[in-house]
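Under my numbering, read the sequence shown as residues 462 to 784, first letter to last. Using N, Cα and C, we set each Cβ at its ideal position, and we do this for glycine too. Just so it is clear, the structure is predicted and the values come from calculations on it, not from any experiment.
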Amino acid sequence: MAKNLTILGESILPGESRTLNMEIAKLHTMTKLKIPVIIERSEIDGPTILFSAGLHGDEINGVEIVRQLIVQKINKPKIGTIICIPTINVFGFLNQKRELPDGRDMNRVFPGSMNGSLASRFAYYLLNEIIPNVDYCIDFHAGGASRFNAPQIRLVPNNRELKKLADVFHPPFALYSRNIAGSFRNSCDKLGVKMLLFEGGKSLDINESITREGVEGTKRLLDHFGMLNPKKSISAPDKKTIYIERSGWVRAKNSGMFHSFTTIGNYVQKGEVLATISDPYGKVEIKLKAPNAGFVINVNDAPIVYQGDAVFHLSIGLEYGEA
462 MAKNLTILGE SILPGESRTL NMEIAKLHTM TKLKIPVIIE RSEIDGPTIL
512 FSAGLHGDEI NGVEIVRQLI VQKINKPKIG TIICIPTINV FGFLNQKREL
562 PDGRDMNRVF PGSMNGSLAS RFAYYLLNEI IPNVDYCIDF HAGGASRFNA
612 PQIRLVPNNR ELKKLADVFH PPFALYSRNI AGSFRNSCDK LGVKMLLFEG
662 GKSLDINESI TREGVEGTKR LLDHFGMLNP KKSISAPDKK TIYIERSGWV
712 RAKNSGMFHS FTTIGNYVQK GEVLATISDP YGKVEIKLKA PNAGFVINVN
762 DAPIVYQGDA VFHLSIGLEY GEA
């Protein structure tokens with residue numbers, strides 16, 4: 462029999478389906494702003510996994526992945542408990558902005574404060590009301606400012622359990638990156654919650670390929686824990702995950718119209734022309750070359766760039782995961 466579970470002051474029984482609402486702040490009209498927390502419990506005890514998105518309000522592709530988990534009933538576990546929060550930063554989602562109305566990036570204010578800024582209060586309630594019940598988490602993100610991320614898992618280096626989970630999720634790429642102070646991932650790590658951070662696509666966009674990678678990886682993870690509904694099938698990837706130990710940004714050397722010659726996931730050679738940057742008058746065209754060989758894991762889709770803008774993200778050190 463599954464253990465008792467209490468979230469937001471309410472008891473959710475084994476075998477029960479519940480949608481609770483976090484109510485942290487109101488709109489200017491005094492209308493309540495509710496953050497739905499969708500909980501599905503099996504009658505059989507097992508892990509509790511959180512699937513969250515929308516920490517940045519404009520990263521809609523992550524919201525779509527969690528929505529698909531709900532629509533396809535993948536969130537109904539064979540054992541254990543699945544919690545879905547499709548849109549954490551509802552204010553940002555409504556305004557199609559990354560930050561909350563106080564201008565703060567919620568992913569830099571954890572662990573937050575009950576009496577702090579709006580972003581800090583959101584972080585505090587998420588960390589204190591939801592996370593104490595969670596064993597594992599996948600937080601879904603997308604690239605910002607017109608920068609399109611290849612589907613990838615980000616995880617801290619030298620953590621065998623997270624490496625195993627990333628192998629199970631099996632994205633095309635996995636990027637080793639240390640926790641950032643004030644981030645959701647960093648706070649979860651300190652509380653003993655094993656988190657994988659999924660990146661894919663760009664802000665204010667929904668990409669079917671990215672959504673499919675997120676959904677299929679999630680099904681493989683649930684299957685690994687024995688939680689996947691037996692009515693759901695999983696796909697077997699035919700390529701190994703490429704683990705990236707180091708990476709670097711290629712920046713625009715001048716301002717102008719941006720013409721990319723490569724695409725996400727391509728392997729490029731050192732010195733290969735990645736793009737040209739030109740003036741609008743047909744007089745200037747400057748080539749932008751790869752500083753090293755590597756995989757292209759992020760491309761700037763903006764048609765116009767300024768000097769210093771990050772336009773490509775290239776891998777440097779590589780290793781390969783399990784087939």
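### Query
Going along the chain, which residues of its own chain have a beta-carbon closer than 6 Å to the beta-carbon of Asn610, five neighbours each way excluded?
Only Gly604, Glu660, Gly661, Asn759 meet the Cβ criterion.
### Task
Flag this pair as yes or no: are the beta carbons of Leu516 and Met567 separated by less than 7 Å?
Note that the C-beta distance between Leu516 and Met567 is below 7 Å.
#### Entry: Secondary structure of Asn568, DSSP reduced to three states
Helix, per DSSP.
### Task
Determine the direct distance from the alpha carbon of Val629 to that of Thr492, and round the result to whole angstroms.
If I take the Cα positions, the gap works out to 43 Å.
### Message
I'd like the span of the alpha helix (DSSP H) that includes Gly673, first residue to last.
### Response
With the sequence shown as reference, residue 673 is identified as Arg, and Gly is not the correct amino acid for it. For Arg673, the enclosing alpha helix (DSSP H) has its first and last residue at 669–685.
### Backbone CA spacing between Ser739 and Ser478 [nearest angstrom]
Ser739 and Ser478 have their alpha carbons spaced roughly 56 Å apart.
### Query
In or out: Gly476 buried (at least 16 other Cβ within 10 Å) or exposed?
So Gly476 ends up on the exposed side.
#### Entry: Buried versus exposed, by CB contacts within 10 Å (16 or more), Arg707
Arg707 should be labelled exposed.
### Query
Quick one: Cα of Asp770 to Cα of Lys537, how far?
A straight-line Cα-Cα distance of about 43 Å links Asp770 and Lys537.
### Task
Reducing DSSP to helix, strand and coil, say where Pro698 ends up.
Secondary structure of Pro698 (DSSP, three-state): coil.
### Query
Relative to the alpha-carbon of Ile592, which residue among Gly675, Ala627, Phe552, Cys649 has its alpha-carbon at the smallest distance?
Comparing Cα-Cα distances from Ile592 to each of Gly675, Ala627, Phe552, Cys649, the minimum goes to Cys649.
### Buried versus exposed call for Leu488 [16 or more other C-beta atoms within 10 Å across all chains shown]
The residue is exposed, with fewer than 16 neighbouring Cβ atoms inside 10 Å.
### Query
From Gly573 to Gly743, what distance separates their C-alpha atoms?
Taking the straight line joining both Cα atoms gives about 51 Å.
### Task
Tell me, please, whether the region 518–537 touches the region 673–686 by the rule of three or more beta-carbon pairs shorter than 8 Å.
Contact between the region 518–537 and the region 673–686 is present: 3 or more CB-CB pairs across the two stretches fall below 8 Å.
### Task
Return the chain-ordered list of same chain residues with a C-beta closer than 6 Å to the C-beta of Leu658, the five sequence neighbours on each side being excluded.
For Leu658, same chain residues with a beta-carbon under 6 Å away, outside a window of 5 residues either side, are Asp600, Arg615, Arg646 in chain order.
### N- and C-terminal bounds of the beta strand (DSSP E) containing Gln529
It is not in any beta strand (DSSP E) - Gln529 instead sits in the alpha helix (DSSP H) that spans 521–532.
### Range of the contiguous alpha helix (DSSP H) that encloses Asp650
645–651 is the extent of the alpha helix (DSSP H) around Asp650.
### Query
Where DSSP assigns a beta bridge to Thr467, which residues make up the other side?
According to the DSSP secondary-structure assignment, Thr467 is paired through a beta bridge with Ser472.
### Task
Work out the CA separation of Asn465 and Leu474 for me, nearest whole Å.
Going from the Cα of Leu474 to the Cα of Asn465 covers about 6 Å.
#### Entry: Distance, Asn589 Cα to Phe785 Cα
Only positions 462 to 784 of the chain appear in this structure, which leaves residue 785 out of reach.
### Query
Do you know offhand how far Lys731's Cα is from Pro618's?
A direct Cα-to-Cα measurement between Lys731 and Pro618 gives close to 26 Å.
### Task
Could you spell out where the alpha helix (DSSP H) holding Ser478 opens and where it closes?
Premise fails: Ser478 lies in the beta strand (DSSP E), 478–487, not in any alpha helix (DSSP H).
### Message
By alpha-carbon positions, which one of Ala642, Pro632, Leu626 ends up nearest to Arg673?
### Response
The residue with the shortest Cα to Cα distance from Arg673 is Pro632.
### Query
Does the region 722–731 touch the region 749–768, meaning 3 or more C-beta pairs lie closer than 8 Å?
Because the criterion of three Cβ pairs below 8 Å is met, the region 749–768 and the region 722–731 touch.
### Query
Would you say Ala584 and Pro547 are within 7 Å of each other, going by their C-beta atoms?
Not a contact, by the Cβ cut-off of 7 Å.
#### Entry: Any C-beta of chain D under 7 Å from that of Ser776
No chain D appears in the structure shown, which is made up of a single protein chain.
### Query
Could you give the uninterrupted runs of the beta strand (DSSP E) lying entirely in the region 685–745, keeping only those of 3 residues or more?
Whole beta strand (DSSP E) segments, 3+ residues: 703–712, 717–721, 734–739.
### Residue environment, Ala784, which counts as buried when at least 16 other CB atoms sit within 10 Å
In this prediction, Ala784 scores a pLDDT of 49, lower than 50, which makes its location untrustworthy; the coordinate-derived value is nonetheless stated afterwards. By the 10 Å Cβ count, Ala784 comes out exposed.
### Message
If you measure between the beta carbons of Val766 and Asn727, is that distance less than 7 Å?
### Response
Asn727 is positioned such that its CB atom lies no closer than 7 Å to that of Val766.
### Separation of Gln768 from Gly564, as counted between CA atoms
The alpha-carbon separation between Gly564 and Gln768 amounts to approximately 25 Å.
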